[in-house]
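Novice: Counting from 8, one number per residue, gives the positions in the sequence shown under our numbering. Even for Gly, the Cβ is constructed at its ideal location relative to N, Cα and C. All values derive from a computational prediction rather than experimental measurement. Starting off with a structure, shown below.
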Amino acid sequence: MTTLSLTQRPVGELRKLNIMRDLSKVADLVELCFHHNMDSEGRGYVQQMRRASKNSSFLSWASTSMPLHGYVWEEEKKIVGNISIIPFRERGKTVFLLANVAVHPDHRRKGIAKALTQKGVVHARNHGAESIWVHVEEENLSAVKLYENLGFQTRSRRTTWNATSTLQPDQAPIHAKIIAPPARFWEDQYQFLKKSYPQEMTWYRIPDWKNFKPGLKYWLYKLFVEGDIRQWSIQKNGKLDAALIWKGTMTRRSPLWLATAAQTDSASLAELLLHARFHLAAKKRDLYIDFPAGECHDAFEKAGFTLRRNLLWMRADGKA
Numbered sequence: 008m009t010t011l012s013l014t015q016r017p018v019g020e021l022r023k024l025n026i027m028r029d030l031s032k033v034a035d036l037v038e039l040c041f042h043h044n045m046d047s048e049g050r051g052y053v054q055q056m057r058r059a060s061k062n063s064s065f066l067s068w069a070s071t072s073m074p075l076h077g078y079v080w081e082e083e084k085k086i087v088g089n090i091s092i093i094p095f096r097e098r099g100k101t102v103f104l105l106a107n108v109a110v111h112p113d114h115r116r117k118g119i120a121k122a123l124t125q126k127g128v129v130h131a132r133n134h135g136a137e138s139i140w141v142h143v144e145e146e147n148l149s150a151v152k153l154y155e156n157l158g159f160q161t162r163s164r165r166t167t168w169n170a171t172s173t174l175q176p177d178q179a180p181i182h183a184k185i186i187a188p189p190a191r192f193w194e195d196q197y198q199f200l201k202k203s204y205p206q207e208m209t210w211y212r213i214p215d216w217k218n219f220k221p222g223l224k225y226w227l228y229k230l231f232v233e234g235d236i237r238q239w240s241i242q243k244n245g246k247l248d249a250a251l252i253w254k255g256t257m258t259r260r261s262p263l264w265l266a267t268a269a270q271t272d273s274a275s276l277a278e279l280l281l282h283a284r285f286h287l288a289a290k291k292r293d294l295y296i297d298f299p300a301g302e303c304h305d306a307f308e309k310a311g312f313t314l315r316r317n318l319l320w321m322r323a324d325g326k327a
């Protein structure tokens with residue numbers, strides 16, 4: 008989530024986030040800045056911050072034990088700006104995501120967002136970042152421009168598609184050839200997954216695809232790690248056309264991961280997506296798919312998915 012503006016030289020204090028006293032105020036600021044497009048996941052995130060801010064035992068432990076990094080901008084003892092700095096580990100390297108860049112509407116166009124982002128970049132580089140990422144809604148042109156001026160380059164344009172856990176009567180799937188992906192197609196499925204989810208972005212909520220390869224490892228993974236895994240596929244002319252993966256979560260929303268051939272049949276793909284929705288309805292989980300923007304648009308809509316947002320994922324080098 009990113010809300011940015013810039014111009015004037017800011018007046019105020021930029022300081023580290025103090026989790027013991029700042030968390031509830033940051034939650035209020037994030038909600039104020041993003042309420043117009045906040046989904047259930049975002050609302051849950053804000054609620055978690057508020058609950059945590061009232062738990063003194065958690066705050067005391069987290070302030071010394073958890074990698075909670077961030078900075079706030081304070082004016083007249085009020086927090087009017089925020090940036091969260093979230094570390095990830097990927098193949099032995101550290102990747103940082105700069106998130107929740109928010110500035111109070113009454114304090115925008117003062118350069119606060121720029122100052123916060125610059126501080127986040129410096130922090131990430133000082134802590135051994137291999138790369139630094141931000142994601143921003145495509146139509147937020149001022150934020151995109153700011154990030155470009157700070158050395159970020161767009162690496163991927165992605166769409167989030169949402170679907171509810173309920174289906175309408177006319178949405179029942181009818182395709183008779185939707186089956187679990189045959190083992191002989193694993194290499195194709197693996198390559199399709201890498202195309203849909205580029206390797207440089209797999210640090211963000213992407214499982215290890217090799218865990219889903221048919222065989223003993225997959226069986227053990229299902230038995231001891233993820234008990235509830237579903238996979239479906241469709242074929243075209245004897246070849247894999249698309250495959251879909253779902254695994255159980257404890258959250259209200261759960262992801263699907265979609266792998267498609269270069270020229271996937273749109274009607275068959277829509278039926279594959281509907282098939283998954285139908286068979287997961289009993290889980291009472293809303294579904295979402297993160298997918299390259301501009302691809303398979305008709306199939307998603309036919310399957311009852313709605314376009315949530317288009318995000319630009321932008322990257323800067325960890326080294327200056």
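#1: Just how far apart, CA to CA, sit K290 and A274?
#2: For R57 versus S31, is the C-beta distance shorter than 8 Å?
#3: Identify whether W80 lies in helix, strand or coil by the three-state DSSP scheme.
#4: What three-state label does DSSP hand H142 in the structure shown?
#5: So for T171, helix, strand or coil by DSSP?
#6: In terms of residues, what are the limits of the alpha helix (DSSP H) holding Q125?
#7: By the three-class DSSP mapping on this structure, what secondary structure does L287 have?
#8: What's the C-alpha gap between E308 and S261?
#9: Using CA atoms only, rank isn't needed, just tell me which of L227, P299, A283 and M321 is closest to T173.
#10: Which of helix, strand or coil does DSSP assign to I26?
#11: Is any beta-carbon of chain E found at less than 8 Å from that of H130?
#12: Evaluate contact between the segment 135-143 and the segment 309-327, counting only Cβ atoms and requiring at least three cross-stretch pairs below 8 Å.
#13: Could you give the DSSP three-state label for Q238: helix, strand or coil?
#14: Can you tell me the Cβ-Cβ gap for G77 and I119, rounded? I've got them flagged as a contact below 8 Å.
#15: Pull up the CB-CB distance for K152 and Q242, whole angstroms please, since I reckon it's below 8 Å.
#16: Starting from the Cα of D113, find the closest Cα among K201, W264, G99 and E81 and give me that residue.
#17: For A266 and F199, what's the separation of their Cα atoms in angstroms?
#18: Quick check: the Cα distance between R316 and F103, rounded to an integer number of angstroms?
#19: Can F298 and S240 be called in contact, C-beta distance under 8 Å?
#20: Taking its Cβ as the centre, do 16 or more other Cβ atoms sit within 10 Å of A190, making it buried, or is it exposed?
#21: Here's the rule: buried if 16 or more other CB atoms are within 10 angstroms of the residue's CB, otherwise exposed. What is W226?
#22: Exposed or buried, what is N107 when buried is set at 16 or more other beta-carbons lying within 10 Å of its beta-carbon?
#23: I need the straight-line Cα distance from S70 to T166, nearest angstrom please.
#24: Distance check for L314 and E38, CA to CA, integer angstroms please.
#25: Residues in the same chain with beta-carbon distance under 6 Å from A250, minus the five sequence neighbours each way, listed in chain order, please.
#26: Here's a check: name, in chain order, each residue in its chain whose Cβ is nearer than 6 Å to the Cβ of A109, leaving out the five neighbours to either side.
Specialist: According to the structure shown:
#1: For the purposes of this step, residue 290 is taken as residue 283 along the sequence shown, with counting starting at 1. For the purposes of this step, residue 274 is taken as residue 267 along the sequence shown, with counting starting at 1. Taking the straight line from one Cα to the other gives about 25 Å.
#2: Numbered from its first residue, the sequence shown carries residue 57 at position 50. Numbered from its first residue, the sequence shown carries residue 31 at position 24. Yes, the Cβ-Cβ distance between R57 and S31 is below 8 Å.
#3: If you number the sequence shown from 1, residue 80 lands on position 73. Of the three classes helix, strand and coil, the one that applies to W80 here is strand, per DSSP.
#4: As a first step, residue 142 must be located in the sequence shown, where it is residue number 135. If DSSP states are grouped into helix, strand and coil, H142 belongs with the strands.
#5: Your numbering for residue 171 matches position 164 in the sequence shown. Coil at T171, not helix or strand.
#6: Mapped onto the sequence shown, residue 125 falls at position 118. Its alpha helix (DSSP H) spans residues I119 to N133.
#7: For the purposes of this step, residue 287 is identified with residue 280 of the sequence shown, where counting begins at 1. In this structure, L287 counts as helix in the three-state DSSP scheme.
#8: Along the sequence shown, read from residue 1 onward, the residue named residue 308 stands at position 301. Along the sequence shown, read from residue 1 onward, the residue named residue 261 stands at position 254. About 19 Å.
#9: The residue given as residue 173 occupies position 166 in the sequence shown. If we check each option's Cα against that of T173, A283 comes out closest.
#10: For this step, residue 26 is matched to residue 19 along the sequence shown. It is helical.
#11: The displayed structure is made up of one protein chain only, and chain E is not part of it.
#12: yes
#13: Mapped onto the sequence shown, residue 238 falls at position 231. Strand at Q238.
#14: As a working note, residue 77 is residue 70 in the sequence shown. As a working note, residue 119 is residue 112 in the sequence shown. In fact, because the Cβ distance is near 14 Å, the residues do not count as touching under 8 Å.
#15: Within the sequence shown, numbered from 1, the residue matching residue 152 stands at position 145. Within the sequence shown, numbered from 1, the residue matching residue 242 stands at position 235. Wrong, their Cβ atoms sit about 45 Å apart, outside the cutoff.
#16: Taking the first residue of the sequence shown as position 1, residue 113 is located at position 106. For D113, the nearest C-alpha among the options comes from E81.
#17: What you label residue 266 is simply residue 259 of the sequence shown in a count that begins at 1. What you label residue 199 is simply residue 192 of the sequence shown in a count that begins at 1. Taking the straight line joining both Cα atoms gives about 5 Å.
#18: Taking the sequence shown and counting its residues from 1, the one referred to as residue 316 is at position 309. Taking the sequence shown and counting its residues from 1, the one referred to as residue 103 is at position 96. Distance between the alpha carbons of R316 and F103: 22 Å.
#19: Stepping through the sequence shown from its first residue, residue 298 is reached at position 291. Stepping through the sequence shown from its first residue, residue 240 is reached at position 233. No, these two residues do not count as a Cβ contact at 8 Å.
#20: Numbered from 1 along the sequence shown, position 183 holds the residue referred to as residue 190. Exposed, because fewer than 16 other Cβ atoms sit within 10 Å of the Cβ of A190.
#21: Counting from one through the sequence shown, the residue named residue 226 turns up at place 219. It counts as exposed.
#22: Within the sequence shown, numbered from 1, the residue matching residue 107 stands at position 100. Buried, since its Cβ has 16 or more Cβ neighbours within 10 Å.
#23: Position 63 of the sequence shown holds residue 70. Position 159 of the sequence shown holds residue 166. Below a pLDDT of 50, predicted positions are generally treated as unreliable, and S70, at 48, falls in that range; the measurement from the model is reported next regardless. S70 and T166: Cα-Cα distance of roughly 35 Å.
#24: For this step, residue 38 is matched to residue 31 along the sequence shown. For this step, residue 314 is matched to residue 307 along the sequence shown. Each residue's alpha carbon lies about 22 Å from the other.
#25: Here the question's residue 250 lines up with position 243 in the sequence shown. Taken in chain order, the residues that qualify are P188, Q196, S240 and A266.
#26: Locating residue 109 in the sequence shown gives position 102, where the first residue counts as 1. So the qualifying residues of the chain are T10, L36, V37, C40 and N89.
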